[in-house]
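Asker: Below is a structure I'd like to ask you about.
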Amino acid sequence: MRKKPDCLQNEQPPEIKPKTDRITQVREYQLITPLFGGGVEPNTYDPVSVVRATAIRGHLRFWWRACRGGGYKSLEDLKRAEDAIWGAAARTAQDGRQTGGQSPVWVAVTCENRGAVFTVRFKGNEPSEEVGNPKSPYSYVAFPLNESKGTVQEGVKFSLTITFLQAQAREVEAALWAWETFGGIGARTRRGFGALQLKCVTQNGQDVPLDLPPAVEHEVDKWLKKKLEHYVVAEAFPAMVPHLVRTPNMIIKPSSNALDVWAKLIKSLKNFRQVRRDGDNNASSYGHSVWPEPNMLRKRYRQQARGPFDNRVINAAPRGAFGLPIIFHMPHDSKIDTDNISLQLDEKRDRFASPLILKPLACQGGKAVGLALILEGTTVPEQLYLKGAPEGQANVTRTVTPEEARKIPPLNGNSDVLQAFLNFLKERN
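If you count the sequence shown from 1, position 374 lands on 541 in the working numbering, and the numbers rise without skipping.
Structure below.
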């Protein structure tokens, strides 16, 4: 063996020190409501990539904007700040500056449990995978499963490893907290699917105490407002940027079980949106809708108004406030082609995400409370479009006057439909 030069005889390898400007967290999660979709194909479960890092990065971008997007003068300024944290395709701006590039935030996912098919009991005592079945307590928010005959997964567990710059800690942690609190994974998270429970956190190898509220209404309210005060920028947000505020418009429903309170929230939404009355104006699941949309459609098709409100003239679609599209089902109106008519944003775009978040919120001890919250900056436009309507009859407003709202029982005189729903929810046990 060759002898080392004298200058290297006592040399030791250099010590490798961790970068002190970076933080690495490992966050472990369990779903407290079933996973809807989550795969590459929309609304489709992927048994290989149950939870995808790219999807989580997208969620974190959204919730970063919702918390930290205030104070920017324009969408362009906001986009530059967002790209500096979360990355974007590299490009050259008109002034010659290089923009975009790789994100300094690194995200990886490990699936600990792929879950099992979620079942419900509604046919005697036999469990069923048909979560979208009209008899299911979750059917009102799982209706897309009726056509696809799809299933949802329960018991999914995964860990998220995320590395970010120390200087960006508050930005990233704001996005993580908001995503865990108000979001989830998969599809239909604003209706409660894929809700998260944070199980444990380590930071640079050290355990971090969990900060979850007790499942008590006033304690959750206090905890939420404290966190919002810490993470949400108080200045004005650019127009049409969905965001949180420090004093949100929300309702908290006490409970102990995530699935139970979720089912109650869904039932309340259905009871508010689908209330019906018979010819004697009594509540009846087989009666006519008390909302104006059916008779608004009949008028446009030059058909006779029906039901206990046949003399009421309200040419509007107020339930559009809950999000779009709305598919109308009027099987007894044979001259109205409701198979091909829907309420949507405009002639070319059908979708507008609901401003209403309805979900269970994980609390201490494996318990949960129900949460209903209205996102700011994302109001459904007033003027909407009826796809498939007769010629010249496609434009429709979703707004009603206070006088008209007094004639719509669920609104009880409140022309703000979402606020009327929160009032309705608050009054229910």
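Every residue gets a Cβ at the ideal spot worked out from N, C-alpha and C, and that includes glycine. These numbers were taken from a predicted model, which means no experiment stands behind them.
1. Please report how far the alpha carbon of ILE190 lies from the alpha carbon of LEU363, in whole angstroms.
2. What's the call for LYS393, buried or exposed, on a 16-neighbour Cβ count within 10 Å?
3. If you compare alpha carbons, which of ALA539, PRO459 and LEU491 is closest to ALA483?
4. For a quick check, are the C-beta atoms of TYR600 and GLN320 less than 7 Å apart?
5. Using 10 angstroms around the beta-carbon of ASN579, count the other beta-carbons present and answer buried if the total reaches 16, otherwise exposed.
6. Give the DSSP bridge partners of GLY268, in chain order.
7. Can you give the Cα-Cα distance for TYR398 and ALA341, rounded to whole angstroms?
8. Any idea if MET497 is buried or exposed, counting beta-carbon neighbours within 10 angstroms, 16 or more meaning buried?
9. DSSP beta-bridge partners for THR328?
10. Sort MET417, TRP344 and THR286 by Cα distance to ASP378 and report the nearest one.
11. Let's test the definition: count the other Cβ atoms within 10 Å of the Cβ of VAL563 and tell me whether it reaches 16, buried, or not, exposed.
12. Do you know offhand how far GLY282's Cα is from LYS324's?
13. What runs of the alpha helix (DSSP H), each 4 residues or longer, lie entirely inside the stretch 439–500?
14. Judging by CA-CA distance, which residue of PHE310, ARG224 and ARG565 is the nearest neighbour of GLN551?
15. Using the Cα positions of LYS554 and ARG486, report the straight-line distance between them to the nearest angstrom.
16. Would ALA304 and ALA430 be called neighbours here (beta carbons separated by less than 7 Å)?
17. Find out if the Cβ-Cβ distance for the pair ARG518, LEU491 is shorter than 7 Å.
18. State buried or exposed for PRO181, treating a residue as buried only when at least 16 other CB atoms are found within 10 Å of its CB.
19. If you reduce the DSSP assignment to three classes, tell me which class PHE285 lands in.
20. With distances taken from CA atoms, which of GLU514, ARG516, ASP513 and PHE495 is nearest ASP506?
21. Assign ASP477 to one of two classes, buried (16 or more other C-beta atoms within 10 Å of its C-beta) or exposed (fewer than that).
22. One question on the structure: do HIS410 and GLU543 come within less than 7 Å of each other, judged by their Cβ atoms?
23. Kindly confirm or deny that the stretch 220–228 and the stretch 373–392 touch, where touching means at least three C-beta pairs closer than 8 Å.
24. Look up TYR552 in the DSSP assignment and say whether it is helix, strand or coil.
25. Return the CA-CA distance between ALA572 and ALA488, expressed in angstroms with no decimal places.
26. If we count Cβ pairs, one from each stretch, closer than 8 Å, do we get three or more for the stretch 440–451 versus the stretch 530–548?
27. So which of GLY317, ALA233 and GLU208 has the shortest CA-CA distance to ARG619?
28. What is the DSSP secondary structure of GLN335, counted as helix, strand or coil?
29. SER306 by DSSP, collapsed to three states: which one?
30. On the three-state DSSP scale, how would you describe ALA382?
31. Starting from PRO569, trace the alpha helix (DSSP H) in both directions and tell me its first and last residue.
32. Go ahead and label THR277 buried or exposed: buried means 16 or more other beta carbons lie within 10 angstroms of its beta carbon, across all protein chains shown.
33. Secondary structure at SER600, three-state DSSP: helix, strand or coil?
34. For GLY532, which of helix, strand or coil comes out of DSSP?
35. Within its chain, find whatever has a CB closer than 8 Å to the CB of TRP253; leave out the 5 residues flanking it on each side and keep chain order.
36. With C-beta atoms as the reference, is ASN448 less than 7 Å away from PRO421?
Answerer: Per the coordinate set shown:
1. 22 Å
2. exposed
3. The candidate whose alpha carbon is nearest that of ALA483 is PRO459.
4. What is shown of the chain runs 168 to 596, which leaves residue 600 out entirely.
5. exposed
6. ALA255
7. The straight-line gap from Cα to Cα measures roughly 5 Å.
8. buried
9. VAL193 and ALA275
10. TRP344
11. buried
12. 7 Å
13. 460–467
14. Checking the displayed sequence, the identity of residue 551 turns out to be Leu instead of Gln. Nearest option by C-alpha distance: ARG565.
15. 16 Å
16. Note that residue 304 is Pro in the sequence shown, not Ala. It is a contact, given that the beta carbons lie within the stated cut-off.
17. Taking 7 Å as the Cβ cut-off, ARG518 and LEU491 qualify as a contacting pair.
18. In this prediction, PRO181 scores a pLDDT of 49, lower than 50, which makes its location untrustworthy; the coordinate-derived value is nonetheless stated afterwards. So PRO181 counts as exposed.
19. coil
20. That would be PHE495, whose Cα lies nearest to the Cα of ASP506.
21. exposed
22. yes
23. No, the stretch 220–228 is not in contact with the stretch 373–392.
24. Secondary structure of TYR552 (DSSP, three-state): strand.
25. 14 Å
26. no
27. Since the first residue of the chain shown is 168 and the last is 596, residue 619 is not available in this structure.
28. In the three-state reduction of the DSSP assignment, GLN335 falls in the helix class, which pools H, G and I.
29. helix
30. Residue state, collapsed to three classes: coil.
31. Its alpha helix (DSSP H) spans residues 569–572.
32. exposed
33. There is simply no residue 600 to check, as the chain begins at 168 and stops at 596 in what is shown.
34. Three-state result, GLY532: helix.
35. ARG224, LEU227, ARG228, TRP231, SER270 and VAL272
36. no
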